[in-house]
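Under our numbering, the very last position in the sequence shown is 167; numbers go up by exactly one each time.
Notes to accompany the following structure.
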Amino acid sequence: MASTSIDELDRYILYALQKDARHTSGNDIASARNVSSSTVRNRISKLESSGIIRGSHLDIDYEALGYQLHTIIFCTAPISKREELAKNALSVEGVISVREIMSGEKNVHIVALGRNSDDLSRIGRELSDMGFEIAEEEIIRNEYTCPYSPFAGDSTNEA
């Protein structure tokens, strides 16, 4: 994959949107960086059209919706089938994300939700039937994220 060149303003736009896309406007970013809001809108459009910004994602409290079991399932898939299996895993009800890992063992990490242990057992069976070897399952207590700090630039002008 070819690397796309971005400048300091692009990096700050990415930082601000990662930090809080829902409550950060183009005007906020423009004010923080002393540029016009149309410049920010144009930059965001270019970042989207180039595939750098692929969307924005909701942070959902699944537990509040009755999904008490948030788990990560460490799987091993044959290297020749890893990508296909990883994509197919998304079709399993309860699976919310899949990561391909560049290693021979535990090379697919699957995040899934369940209301109870029966849900997690069903998910495990379906993944196994697809061709995954389930190596390990762990219940996630909390997950924390932050924006990529090198994109912040001069933090004294934060949005």
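A virtual CB, placed ideally from N, CA and C, is assigned to each residue, including glycine.
Residue i (DSSP reduced to helix, strand or coil)
i	result
I14	coil
M9	Confidence at M9 is low in this model, with a pLDDT of 49, below 50, so its placement is unreliable and no value can be given for it.
L73	helix
T164	Because T164 carries a pLDDT of 48, less than 50, the predicted location of this residue cannot be relied on, and the following value inherits that uncertainty. In this structure, T164 counts as helix in the three-state DSSP scheme.
I68	coil
T47	helix
I80	strand
R30	coil
E151	coil
S23	Looking at the sequence provided, one finds Tyr at residue 23 rather than Ser. In this structure, Y23 counts as helix in the three-state DSSP scheme.
Enclosing beta strand (DSSP E) for residue i [first to last residue]
i	result
E146	E141 to I147
R107	V103 to E108
A97	That residue, A97, is in no beta strand (DSSP E); its alpha helix (DSSP H) goes R90 to A97.
L121	V116 to G122
Boundaries (first-last residue) of the alpha helix (DSSP H) holding residue i
i	result
S39	G34 to R41
E113	Unbroken run through E113: none, as it is neither H nor E.
I60	Neither: I60 is in no alpha helix (DSSP H) and is coded neither H nor E.
I87	Run containing I87: none; DSSP gives neither H nor E here.
Nearest-angstrom beta carbon gap, residue j and residue i [assumed within contact, 8 Å]
i	j	result
G161	E16	5 Å
K114	T84	6 Å
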